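S.K.: Just passing along the structure, written as structure tokens.
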Amino acid sequence: MLTRRWLEMTWRDALFCHWPVDPAVVSGTIPDRLSVATHGGDAYLSVVAFVMDDIRPRGAPVGLSFPELNLRTYVEGPDGRGVYFYNLDAEDPIGVALARRLFALPYYRAEMDVRRPETADPAAGEDGPVRFTSRRTHPGVPHARFDATYEPTGEPFAAESGSLDAFLVENYQFYAEGNRLYRGAIAHEPWSLRAATADIRANTLFRANGFDRPDGDPIVRYAEPIAVGADRIRFV
């Protein structure tokens with residue numbers, strides 16, 4: 324639950340790709356005060372791509388919009404379960420600078436492009452495939468690329484409490500490590516998810532973060548647009 328809705332935004336065109344991994348794969352990559360969260364004995368590494376629309380401090384007349392691409396895992400921390408990010412690549416240099424300073428998160432600048440067919444009209448319920456490309460340009464960090472086309476294939480559904488889908492997407496806080504451990508909180512309605520397909524032509528996020536690519540195909544989900552509020556980060 325948020326103490327204050329410091330930022331307001333909308334997330335759209337969201338792709339979730341989840342790979343199960345042995346908990347030992349991620350246990351040595353997270354801060355000491357966190358432990359690996361599992362579901363059915365598996366930890367997960369997830370690539371999430373989406374567009375952050377109209378990001379603004381509450382009451383501000385103008386907001387920022389830019390794509391984001393992240394690699395994350397799921398953890399237990401002092402304040403409960405949350406997300407731990409290995410990277411958050413984003414196109415907007417101002418947004419990246421602000422996020423690095425205000426949220427202690429590993430944001431990196433990237434050249435990104437998100438496109439639908441010109442004939443598709445999402446407002447009219449015409450989804451169509453989404454092509455999402457990203458090339459990291461941030462100096463001093465490993466290069467990373469992502470190129471995928473994805474689209475929903477099933478009817479919208481809400482994740483049932485206790486289900487794997489709920490474990491993977493219904494997370495309302497994150498942990499970050501700077502000079503100490505931080506926690507950030509978000510708030511939104513439950514996700515409206517859809518089964519989806521993804522043609523992933525390039526994905527070097529695992530290698531850029533020191534992981535081997537997990538075996539097998541990921542669990543793929545598309546998410547409907549959702550309004551999100553976020554608070555400032557706080558010391559844990």
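Using our numbering, read the sequence shown as starting at 324 and increasing by one per residue. Where a beta carbon is used, it is the ideal one built from N, C-alpha and C, also for glycine. Bear in mind that the values here come from a model prediction, so they are computed numbers and not experimental data.
(1) Using CA coordinates, which residue listed in Asn494, Val551, Asp412 and Arg328 is at the minimum distance from Glu462?
(2) Run through DSSP, which three-state label would Pro354 get?
(3) Which residue wins for smallest C-alpha separation from Glu399, given the options Ala510, Ala489, Ile353 and Ser484?
(4) Assign Val385 to one of two classes, buried (16 or more other C-beta atoms within 10 Å of its C-beta) or exposed (fewer than that).
(5) Leaving out the 5 sequence neighbours to the left and right, which residues in its chain are closer than 6 Å to Phe455 when beta-carbon positions are compared?
(6) Spatial neighbours of Met435 within its chain, please: CB distance less than 6 Å, with the 5 preceding and 5 following residues excluded, ordered by chain position.
(7) Nearest-angstrom Cα distance between Phe529 and Trp342?
(8) Taking DSSP as the reference, what is the three-state secondary structure of Asp377?
(9) Under a Cβ-count criterion, where at least 16 other Cβ atoms within 10 Å of its own Cβ denotes burial, should Gly364 be classed as buried or exposed?
(10) Starting from Val389, follow the beta strand (DSSP E) in both directions and report where the run begins and ends.
(11) So Val406 is in the alpha helix (DSSP H); what residue range does that whole segment cover?
(12) From this set, Ala360, Ala508 and Gly539, which residue's C-alpha is nearest Cys340's C-alpha?
(13) Taking the DSSP output, what are the residues bridged to Ser369?
(14) How many whole angstroms separate the CB atoms of Tyr473 and Leu338, which I take to be in contact at a CB cut-off of 8 Å?
(15) Fully enclosed by the region 525–550, which beta strand (DSSP E) runs are 3 residues long or longer?
(16) Is the Cβ-Cβ distance between Arg517 and Phe480 less than 9 Å?
(17) Rounding to the nearest angstrom, what Cα-Cα distance links Thr476 and Ala521 in this structure?
M.R.: Taking the geometry as given:
(1) It is Pro, not Glu, that sits at residue 462 in the sequence shown. It is Asp412 whose Cα lies nearest to the Cα of Pro462.
(2) If DSSP states are grouped into helix, strand and coil, Pro354 belongs with coil.
(3) Nearest of Ala510, Ala489, Ile353 and Ser484 to Glu399, Cα basis: Ile353.
(4) Under this definition Val385 is an exposed residue.
(5) Cβ neighbours of Phe455 beyond the five flanking positions: Ala372, Val437 and Ala471.
(6) Excluding residues within five positions, the ones whose Cβ falls inside 6 Å are Pro390, Glu414 and Ser457.
(7) The alpha-carbon of Phe529 is positioned some 11 Å away from that of Trp342.
(8) In the structure shown, Asp377 sits in a strand (DSSP, three-state: E or B).
(9) Exposed, by the Cβ-count rule.
(10) The residue you asked about is not Val; residue 389 is Phe in the sequence shown. Per DSSP, Phe389 belongs to the beta strand (DSSP E) from Leu387 to Gly400.
(11) Under the DSSP assignment, Val406 falls outside any alpha helix (DSSP H), being part of the beta strand (DSSP E) whose first and last residues are Gly403 to Ala413.
(12) Comparing Cα-Cα distances from Cys340 to each of Ala360, Ala508 and Gly539, the minimum goes to Gly539.
(13) According to DSSP, which records beta bridges pairwise, Ser369 is partnered with His341 and Arg395.
(14) Contact annotation, Tyr473 with Leu338: C-beta distance approximately 5 Å; criterion of less than 8 Å satisfied.
(15) If we require 3 residues or more, the beta strand (DSSP E) runs fully inside the region 525–550 come out as 542–546.
(16) It is a contact, given that the beta carbons lie within the stated cut-off.
(17) Looking at the two C-alpha atoms, the distance is approximately 10 Å.
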